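Number of protein chains: 2
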Amino acid sequence: MTNLEDYIRDIPDFPKPGIVFKDITPLLGDAKAFRASIDRLAEELSDVACDAVVGIESRGFLFGTALAMAKDVGFVPVRKPGKLPYDTVSREYSLEYGTDRVEMHSDAVKKGQSVIVVDDLIATGGTATAACELVEQLGATVSALGFVIALDFIPWRERLGDRDVRALLRYG
Amino acid sequence: MTNLEDYIRDIPDFPKPGIVFKDITPLLGDAKAFRASIDRLAEELSDVACDAVVGIESRGFLFGTALAMAKDVGFVPVRKPGKLPYDTVSREYSLEYGTDRVEMHSDAVKKGQSVIVVDDLIATGGTATAACELVEQLGATVSALGFVIALDFIPWRERLGDRDVRALLRYG
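If you read the sequences in order, they're chains A and B.
Using our numbering, you'd call the opening residue of the first sequence number 1267 and step up by one each time.
Using our numbering, you'd call the opening residue of the second sequence number 1267 and step up by one each time.
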């Protein structure tokens, strides 16, 4: 059985000193390991209502589209400002210094739908929470969030509240 | 049979006046249409040697990962500067005004491999050509490039040279 952890490479001091970055490119580069990660995400989320998968730019695109295909539902991108061409809803969130913003097309999810929000990794939970709020603003429900990696030593739970968070690999 | 063109939305004057942007989010949002696009890309590229799929940030991630899974090979991301954490090779290319740059991990493709470079759309061919040059710099071969959309009224061929370019939808 594939041990996914073997395909995550630790990069010390990236993007800045003191941070150990979890590099997922070895996982993506191995067809068997990548497929295993999608199979396990689908299994981990098999009990969850899912009319669409929402993926966060841009590593959430890698796992989100594959999960959407596995679950046979559509895929919705959440993007950085100015990238989506049609009418959008938008949400600001705070960073360590300053703020950032994400957008979603206003016709991307429909009132009453249940969606799964996907990214490669959860750390502070800022982007993931903003993505959930965009979904909820359009009258849909986030039935769960799915991540390959959760950095449990960072207090992302404070932001995400009681939302249902699933992850394949947990650190801390 | 699914007509992919029905799932591409024209957005006039995006990102700037005079440009008609091809919005692929309706295609992504429809499970059947998205799957059809991947099946047809795989079919269109079925005769091409492929040890890995290289996808260009970030819409190339959407189609590239799904194609890599369909072809049962690994996926390699080409990214904007500063995003990839490990040792990289890097290539500059010219824009209408100024230049831009893309990067790939230096261990991402191996000498002698054949790869397919994927993006959602080819317009000027600047990023696609830079991605090919990164692959070739590492001693691998670009056996073909695959796009959902080719804007044939833009002279991308001048940049791409005699590389093998396949596309599902052609405009112009």
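Yeah, the Cβ is synthetic: ideal placement off N, Cα and C, and Gly gets one too.
Predicted, not measured: the structure shown is a model, and the values here were computed from it.
By the criterion of a C-beta distance shorter than 6 Å, A:A1433 is surrounded in its chain by F1413, A1416, once the five residues flanking it on both sides are discounted.
Collapsing the DSSP output to three states places B:E1310 in a helix. If you compare the alpha carbons of B:I1304, B:D1276, B:Y1352, B:S1303 with that of A:P1278, the shortest gap goes to B:Y1352. Taking 9 Å as the threshold, the shortest C-beta distance from A:T1407 to chain B does not fall below it. Using a CB distance cut-off of 9 Å, A:Y1352 counts as an interface residue toward chain B. A check of alpha carbon separations from A:L1350 across B:G1321, B:R1306, B:R1325, B:Y1363 identifies B:R1325 as the nearest. Counting C-beta pairs closer than 8 Å gives three or more between the stretch 1334-1351 of chain B and the stretch 1310-1318 of chain B, which meets the contact rule. Interface annotation for the stretch 1280-1312 of chain B against chain A: F1280, F1287, D1289, T1291, L1294, G1295, D1296, A1297, F1300, R1301, criterion Cβ-Cβ distance under 7 Å. Here B:F1287 carries a strand assignment [DSSP, helix/strand/coil]. For B:A1318, the enclosing beta strand (DSSP E) starts and ends at 1318-1322.
Beta bridge pairing from DSSP links A:Y1363 with no other residue. Taken in chain order, the unbroken stretches of alpha helix (DSSP H) that lie wholly in the stretch 1390-1432 of chain A and span 4 residues or more are 1392-1403, 1423-1426. Here the stretch 1355-1373 of chain A makes contact with the stretch 1393-1403 of chain A; the two share three or more CB pairs at distances below 8 Å. Remark: three or more beta-carbon pairs, one from each stretch, lie closer than 8 Å, so the stretch 1327-1338 of chain A and the stretch 1295-1315 of chain A are flagged as touching.
Judged by beta-carbon spacing, B:G1405 lies beyond the 9 Å limit of B:I1420, meaning their Cβ atoms are not closer than that value.
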